[in-house]
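For reference, the structure discussed in these notes is given below.
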Amino acid sequence: VQLQAFGGGLVQAGGFLRLSCAASQSIGSIGAMGWYHQTPGKQRELVAFITSGGSANYADSVKGRFTISRDNAKNTAYLQMNSLRPEDTAVYYCYADIRGVRFWGHGTQVTVSS
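Here it is as structure tokens:
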């Protein structure tokens with residue numbers, strides 16, 4: 002499976018972005034999908050994930066601001082990021098779990114200016 006991430010960019014604090022993660026095969030066969038972010042010198046941190054059944058989970062820092070969803074018909078998962086803060090600045094990576102193997106997309110930069 003190949004994953005392509007889209008939607009990063011530069012936005013002012015309080016603004017919004019929507020990240021997309023497009024899979025090269027039907028995501029109906031994929032388990033959980035999600036997003037991590039990473040800043041220089043730090044490990045990747047889980048932002049949100051959604052199970053194959055549609056159950057969403059979020060890091061405390063993004064609860065109430067970010068929404069993860071998936072559209073199996075379009076083989077795409079989304080991360081809607083609202084009320085962005087400068088501390089959300091990071092490279093965001095999407096992933097997909099297939100039968101115990103985790104696949105990663107390339108990162109997309111999100112920069113939030115104050």
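First residue of the sequence shown: 2, per the working numbering; consecutive thereafter. Glycine included, each C-beta is placed from N, C-alpha and C at the ideal position. For clarity, every value in this text was computed on a predicted model and none was experimentally measured.
Three-way DSSP call (helix, strand, coil) for residue i in this model
i, result
"D98", "strand"
"S53", "coil"
"A74", "helix"
Burial state of residue i (16 or more Cβ within 10 Å)
i, result
"G1", "Nothing can be reported for residue 1, as the shown portion of the chain is limited to 2 through 115."
"G10", "exposed"
"H107", "exposed"
"T77", "buried"
"R71", "buried"
Residue j beta carbon less than 9 Å from that of residue i
i, j, result
"G1", "L80", "This structure does not reach residue 1, given that the chain is present from 2 up to 115, and the question cannot be answered."
"N58", "F67", "no"
"V117", "T40", "Outside the displayed range of the chain (2 to 115) lies residue 117, so it cannot be described from this structure."
DSSP bridge partner residues for residue i (one or two, in chain order)
i, result
"Q5", "A23"
"V113", "V12"
"T40", "BP columns for T40 are empty, so no partner."
"E46", "H38"
Worksheet item: Is the stretch 72 to 88 touching the stretch 3 to 14 in the sense that three or more CB pairs, one from each, lie closer than 8 Å?
Response: yes
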